[in-house]
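See below for the structure under consideration.
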Amino acid sequence: MGTKDTVITLKGSVEIVSEFFFTAINSILYQRGIYQPETFKRESKYGLTVLTTTDNGLLSYLSSVMSQMESWLTNDDVQRLVVVVTGLDSGETLERWQFNVSVEEGNKSVEVSMQSGNDENVSYNVMKSSSSMNKKRASKTARQVHDEIQAIIRQITASVTFLPLLNEPCSFDLLIYTSKAAVVPKKWEDSDPRYIMNSQEVKLRSFTTSFHQVDSMVTYKEADEWEL
1 MGTKDTVITL KGSVEIVSEF FFTAINSILY QRGIYQPETF KRESKYGLTV
51 LTTTDNGLLS YLSSVMSQME SWLTNDDVQR LVVVVTGLDS GETLERWQFN
101 VSVEEGNKSV EVSMQSGNDE NVSYNVMKSS SSMNKKRASK TARQVHDEIQ
151 AIIRQITASV TFLPLLNEPC SFDLLIYTSK AAVVPKKWED SDPRYIMNSQ
201 EVKLRSFTTS FHQVDSMVTY KEADEWEL
């Protein structure tokens, strides 16, 4: 039986979700022009050609975030990852790419927000979690999960066909929603959710492993409401 046909363990599920987040973030940064296209390289992943940053500072930053993410995922502490795109001139939130994480054992939590003191903008948010899923865990193979992830990456790539043009230079922030019990590094600070008023929402596909389910969506500010 090949590696991709192997039944997924908790450790394998954590690695799959973390790798998906890394790939999805890179794809968003490339497709939405947050970083210059020449700072990305082409790689083969999920049966697709994906773009990954070659910027050493960004790579180091994302690796640090993913390392912390894996720790939280292992302890069922992650509830949501949000990639926030903000206009540098207007200071407005223009897009929120949201990835909700569900685990079999739900975590009770209270609403708190925290943001990293890192030079790169990372945010940590603890929000109220959904009720736990009392379903029997079904076995899935890595191949099946990769096929589901492939569909999401394709949708991110195709997002330029329905999202408004970003008519100003933009930066990005990462918001991570976790359970109340999560151990939080001291460098993380308070942050607001960065919601978009009068927004449009497009639901993307989801994927599941034997341990995690990730549901995706993007919320954006309509072009005709921007100050041009």
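For the record, in the sequence shown the residue sitting at position 148 is 148 according to the working numbering, with numbers rising by one throughout. Where is the CB? At the ideal position from N, CA and C, for every residue including glycine.
Check	Outcome
Where Thr-161 falls: helix, strand or coil (DSSP)	helix
Buried or exposed by the 16-neighbour rule on C-beta atoms within 10 Å, applied to Thr-6	exposed
Residues bridged to Met-69 (per DSSP)	In the DSSP output, where bridge partners are listed per residue, Met-69 has none listed.
Distance CB(Val-101)-CB(Val-214) smaller than 8 angstroms	yes
As assigned by DSSP and simplified to three states, the class of Phe-22	helix
Gln-36, buried or exposed, once every other Cβ within 10 Å from all chains shown has been counted against 16	exposed
Length of the line joining the Cα atoms of Lys-186 and Arg-143	38 angstroms
Beta-carbon proximity of Ile-196 to Thr-53, cut-off 8 angstroms	no
Touching by the beta-carbon criterion (3+ pairs, under 8 angstroms), the segment 66 to 80 and the segment 33 to 50	no
Residue interval of the beta strand (DSSP E) (run including Gln-36)	Run containing Gln-36: none; DSSP gives neither H nor E here.
Reference Phe-172; option with closest CA among Gly-12, Ile-149, Ile-28 and Val-202	Ile-28
Cβ-heavy atom distance, Phe-22 to the ligand COA, below 7 angstroms	Of ligands this structure carries none, so the ligand COA is not represented either.
Nearest-angstrom Cβ-Cβ length linking Glu-15 and Tyr-220, presumed shorter than 8 angstroms	That pair is no contact at about 30 angstroms.
Which residues DSSP lists as bridging Asn-100, in chain order	Arg-80 and Asp-215
Which of helix, strand or coil DSSP assigns to Ile-196	coil
Cβ-Cβ distance between Leu-175 and Val-84 below 8 angstroms	yes
Close-in-space but distant-in-sequence residues of the same chain around Asp-55 (CB under 8 angstroms, 5 per side omitted)	Tyr-35 and Thr-39
Enclosing beta strand (DSSP E) for Val-50 [first to last residue]	48 to 53
Beta-ladder partner(s) of Val-7, from DSSP	Thr-141
Close-in-space but distant-in-sequence residues of the same chain around Met-66 (CB under 7 angstroms, 5 per side omitted)	Ser-18, Phe-21 and Phe-22
Sheet register partners of Val-85 (DSSP bridge)	Glu-95 and Phe-172
Alpha-carbon spacing of Glu-168 relative to Ser-139, whole angstroms	46 angstroms
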